[in-house]
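Going line by line, the protein sequences match chains G and L.
The numbers in the first sequence follow the UniProt record's numbering, run straight up by one, and end at 370.
The numbers in the second sequence follow the UniProt record's numbering, run straight up by one, and end at 600.
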Amino acid sequence: MEPEEDWLVESLRLYQDFHAFDLSGATRVLEWIGDKGVFVAGYESLKKNEILHLILPLRLSVKENQGLCPERDFKVCHGGFSDTSVFDLKHVPDTRLLVTTGLPSSYLHVWQVTEDSDVIQAVSSIAVQQKEGGLWPRVAIFSSTAPRVLHGARLRSLNIVDLETQKTTYTSGVSDSEELSSLQVLDADTFAFCCASGRLGLVDIRQKWAPSENLSPGPGAAGGRWYADVGGRGPGPSIASLGSNGQLCLLDPRDLGHPVSSVQCSVSAPSPDPELLRVTWAPGLDGCLAISGFDGTVQVYDATSWDGVGSQVDPLFTHRGHIFLEGSQIDTAPLVTTHTWHPHKPRTLLSAASDASLHVWDWVDLRVAS
Amino acid sequence: MPEIRVTPLGAGQDVGRSCILVSIAGKNVMLDCGMHMGFNDDRRFPDFSYITRNGRLTDFLDCVIISHFHLDHCGALPYFSEMVGYDGPIYMTHPTQAICPILLEDYRKIAVDKKGEANFFTSQMIKDCMKKVVAVHLHQTVQVDDELEIKAYYAGHVLGAAMFQIKVGSESVVYTGDYNMTPDRHLGAAWIDKCRPNLLITESTYATTIRDSKRCRERDFLKKVHEAVERGGKVLIPVFALGRAQELCILLETFWERMNLKAPIYFSTGLTEKANHYYKLFITWTNQKIRKTFVQRNMFEFKHIKAFDRAFADNPGPMVVFATPGMLHAGQSLQIFRKWAGNEKNMVIMPGYCVQGTVGHKILSGQRKLEMEGRQVLEVKMQVEYMSFSAHADAKGIMQLVGQAEPESVLLVHGEAKKMEFLKQKIEQEFRVNCYMPANGETVTLPTSPSIPVGISLGLLKREMAQGLLPDAKKPRLLHGTLIMKDSNFRLVSSEQALKELGLVEHQLRFTCRVHLHDPRKEQETAMRVYSHLKSMLKDHCVQHLPDGSVTVESILIQAAAHSEDPGTKVLLVSWTYQDEELGSYLTSLLKKGLPQAPS
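Next up, the structure:
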């Protein structure tokens, strides 16, 4: 009990707000719907998994008179059951539809969040043309009046499918078998891909496949597995690529061939499960990003002053809650499975770990606090 | 068909008024009798007309059970027993019996003195109501009458809170009241054995929530207190003194020790007396050995917490004060509040729900200007914080309890059915039970199939086994015996034994039937023909031809005789005992069909 007590007392100084929850099953998904709700989903392979639509504790959403609001709990607004494990979930904007992907990987599943009850119902399935065995297709959504799903496990199997008609409207058309680690839709015509090798590309879907890429020795030269995020506020580079060896590269989309900077994060590398690597840009802070997937922590870095290659950097903040608070399984050290930033509370994050814990935390920028 | 019927009483979908009617094997039990705190008129009481239209409450109800002292579970009790009229027993645990009248009286004072309500129960009514109470201990089986029994289980939540099992014969219902499955600092978690009731009734108010951990709630409380004290402010914490105060004191004491803080923490005198009283109740309650590992110290003796003197309120510098009453409606907590409200460095932390009309309720609604006696206006500049410390079971907790008790069905009250479809599916899938969610006023009927155990005498069993044929689970065997019902005991014995026990003489019933056959030969030959025919037809049975000419099939006797008037006709006399009725009838119809032609 002692280390837990110590950490909680420390936390008074480190966090403005801190909430800790126990889900019935661990999640690798934290997908926002609006700014008040998130989706989580289980990824177990042998039993039914739950997909939950959770409403954030009222205390976090209330803007004024926060002190008068005692509500600190998540509300389960909708729930559904999935027979397959869910590794990623995307909400189709302006609709009540969700798309999930996982293993077995022969289908993407489409769900509806019902209006008059609290059930999330399976609606349809989208067949994935090329069966990939242990690989699961990454997914991103092109939202428009006729939403489309971008999916693929490898570059050669990248497709865009119309959600309603299930007709394929775009294919990469290449035979490249490189494995994908993330897909991200940037606007109505562009998406970004990151391969497990670290190869990055930006694709304009109005043209035949001709991505602007980092084909020259890019971050992947160091080996390991990579994950990238395009975002970033402020004037600096907007693409961050994180490697399982702890290397973090920042790139400018106009010149993917030459990273702006490359640093070594203060993590115990290599990551024990590189599929869980996550790097996310803070939507509310300039040049700030968070990383997870190496252990039971989430680290926040200020990338505004980074330059050059190879320097070791220290995090601005490390969230250790998942290590110190008793989870449901106390024998194995928990691993953070995913994290996400709150859409507009600048320093609030949500993080989930393999012990089914879910934290909502608002860290204190100690440089300012004193 | 035996059934269990459950009706949550009360009007509307609103939460906050627990009162459930259960009918089990002909017995009627009322579970809790709560007040809805949000209403000022009759809507705050459950709708008893549902029962009263059937006659007098005392005649209809076998007993009333109260789970714990919160007003939304017992607030309507004096109204129910003294103003509507009920004279039967009211069961609750000892601490509940001790604390209920105090809270009811507090509530009455606020309603009548503060809000000037007319149609409200009086102090005398509270006293008269409590005279009807029968207190119970945990895990003690209490016989309400010779058929109905109840048993209380530890529920955590607040001091004295219990879950109740109601049993009639082999049918039982468990009602949880409010409970929590994650332990508290001083109360621990609810616990029930694998009692496998037909039905588990549980509140579903928090069923669709995922609770923030206790640690984080405590952290928030400590952070707020610390911040106020650090800036030199004074912190007022109004409490009821019955549970919450102890929990928070333990927390502050631990924190003060660890952080080496010097600001004084005070406990007002009224609280100390009540705390001693509470302590005595508490010790008896936890001596039931519910929790193995528990607070190892006397947690009512604190190093850093001292008795308060009203003069201290004017002392300069930071301090923390716990004072009663909890809703700031009178007494010391209100006095202190008035002194400290004008300074923005100060803070008041409200740890619970406040009834309408109290100062507590007003400031929690955001009011910053309060009208006090003599038309004085009090400006509230101090920081107002509302924290929720009550321990309730969330979705996870409900699943845990269902897993412990293993009921056949689950019933959730106080939820909106549409908003609980997912939870219902979850419970049904995980435990393979039915899950019901009635609205207030709606009755749920559960069919049950009670099993009645019957003892079979060894002699009877042995005799049946001696018949030779092995028991076959798929083929029912016809057994002749006598069922004796005495007291609540059922026994199946052989007829002879039953007659012997009852001192009766056995009478034999024998049936005789005459079958006419056309056969001009002698009787002996007819008998022979009958014998051959039956021998070939009834290969499974023992068919014998006796020396005197008669034929026997098992114990059935067939004799051939000449017809007195017509020598061409033979009369077969078939006679059998009552036990051989089936075979006898079969033989008769077989013989009536006639005999096959014998070769001449």
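Just so you know, even glycine gets a beta-carbon here, dropped at the ideal spot from N, CA and C.
Everything numeric in this text was worked out from a predicted model, so none of it was measured.
First through last residue of the beta strand (DSSP E) which encompasses residue i
i	result
residue 84 of chain G	Segment: none, residue 84 of chain G is in no beta strand (DSSP E) and carries neither H nor E.
residue 310 of chain G	308 to 313
residue 91 of chain G	88 to 91
residue 402 of chain L	Note, residue 402 of chain L: premise wrong, no beta strand (DSSP E); alpha helix (DSSP H) at 395 to 405.
residue 163 of chain L	162 to 168
residue 143 of chain L	141 to 143
residue 236 of chain G	It is not in any beta strand (DSSP E) - residue 236 of chain G carries neither H nor E in the DSSP assignment.
residue 244 of chain L	First-last for residue 244 of chain L: 244 to 259, but that is the alpha helix (DSSP H), not the beta strand (DSSP E).
Integer Cβ distance of residue i from residue j, believed to fall under 8 Å
i	j	result
residue 298 of chain G	residue 263 of chain G	No, residue 298 of chain G and residue 263 of chain G are not in contact; Cβ-Cβ is about 17 Å, not under 8 Å.
residue 240 of chain L	residue 326 of chain L	4 Å
residue 433 of chain L	residue 20 of chain L	Between residue 20 of chain L and residue 433 of chain L the Cβ distance is about 19 Å, and since that is not below 8 Å, they are no contact.
residue 349 of chain L	residue 426 of chain L	Going by Cβ atoms, the distance from residue 349 of chain L to residue 426 of chain L rounds to 36 Å, so no, they are not a contact pair.
residue 445 of chain L	residue 5 of chain L	5 Å
residue 356 of chain G	residue 35 of chain G	About 24 Å; that fails the 8 Å criterion.
residue 554 of chain L	residue 583 of chain L	6 Å
Endpoints, the alpha helix (DSSP H) within which residue i is located
i	result
residue 544 of chain L	Here residue 544 of chain L belongs to no alpha helix (DSSP H); instead the beta strand (DSSP E) covers 543 to 545.
residue 464 of chain L	458 to 466
residue 225 of chain L	214 to 230
residue 415 of chain L	Counting along the chain, residue 415 of chain L falls outside any alpha helix (DSSP H), and DSSP gives it neither H nor E.
residue 120 of chain G	Run containing residue 120 of chain G: none in the alpha helix (DSSP H); it sits in the beta strand (DSSP E), 120 to 127.
residue 5 of chain G	2 to 14
residue 99 of chain L	94 to 109
Member of the options whose CA lies at the smallest distance from the CA of residue i
i	options	result
residue 134 of chain L	L:425, L:578 and L:88	L:88
residue 39 of chain G	G:242, G:276 and G:31	G:31
residue 477 of chain L	L:467, L:76 and L:162	L:467
residue 360 of chain G	G:17, G:67 and G:102	G:17
residue 557 of chain L	L:251, L:585, L:504 and L:569	L:585
residue 315 of chain G	G:367, G:271 and G:283	G:367
residue 593 of chain L	L:555, L:533 and L:548	L:533
residue 309 of chain G	G:93, G:258 and G:128	G:258
residue 214 of chain L	L:163, L:102 and L:157	L:157
residue 120 of chain G	L:420, L:139, L:4 and L:197	L:420
residue 245 of chain G	G:275, G:256, G:230 and G:69	G:275
residue 66 of chain G	L:577, L:515, L:404 and L:220	L:220
residue 426 of chain G	G:293, G:326, G:345 and G:332	Since the first residue shown for chain G is 1 and the last is 370, residue 426 of chain G is missing from the structure and cannot be characterised.
residue 606 of chain L	L:184, L:76 and L:192	Residue 606 of chain L lies beyond the stretch modelled for chain L, which goes from 1 to 600, so this question has no answer here.
residue 206 of chain L	L:411, L:539, L:415 and L:95	L:415
residue 26 of chain L	L:37, L:2 and L:17	L:2
residue 230 of chain L	L:210, L:115 and L:260	L:260
residue 439 of chain L	L:418, L:431 and L:399	L:418
residue 512 of chain L	L:211, L:572 and L:384	L:572
residue 59 of chain G	G:228, G:83 and G:345	G:345
residue 588 of chain L	L:328, L:559 and L:499	L:559
residue 483 of chain L	L:495, L:591, L:41 and L:100	L:495
residue 485 of chain L	L:473, L:502 and L:562	L:502
residue 567 of chain L	L:172, L:328, L:526 and L:351	L:526
Burial state of residue i, where buried means 16 or more other Cβ atoms lie within 10 Å
i	result
residue 295 of chain G	buried
residue 423 of chain L	buried
residue 317 of chain L	exposed
residue 465 of chain L	exposed
residue 30 of chain L	buried
residue 249 of chain L	buried
residue 7 of chain L	buried
residue 144 of chain G	exposed
residue 265 of chain G	buried
residue 307 of chain L	exposed
residue 283 of chain L	exposed
residue 75 of chain L	buried
Chain B contact for residue i (CB, 8 Å cutoff)
i	result
residue 76 of chain G	In the structure shown, chain B does not exist; the protein chains are G and L.
The ligand HEM heavy atom lying under 7 Å from the CB of residue i
i	result
residue 510 of chain L	The ligand HEM is not part of this structure, which contains no ligands at all.
Notebook entry, point to check: Does the segment 163 to 178 of chain L come close enough to the segment 136 to 153 of chain L to have 3 or more Cβ pairs within less than 8 Å?
Noted result: yes
Margin query: Check whether the segment 39 to 52 of chain G and the segment 88 to 106 of chain G touch, using three or more Cβ-Cβ pairs below 8 Å as the test.
Written below: yes
Notebook entry, point to check: Is there contact between the segment 95 to 102 of chain L and the segment 51 to 69 of chain L, where contact requires at least three CB pairs shorter than 8 Å?
Noted result: yes
Notebook entry, point to check: Are at least three pairs of beta-carbons, each pair with one atom in the segment 93 to 102 of chain G and one in the segment 133 to 147 of chain G, less than 8 Å apart?
Noted result: yes
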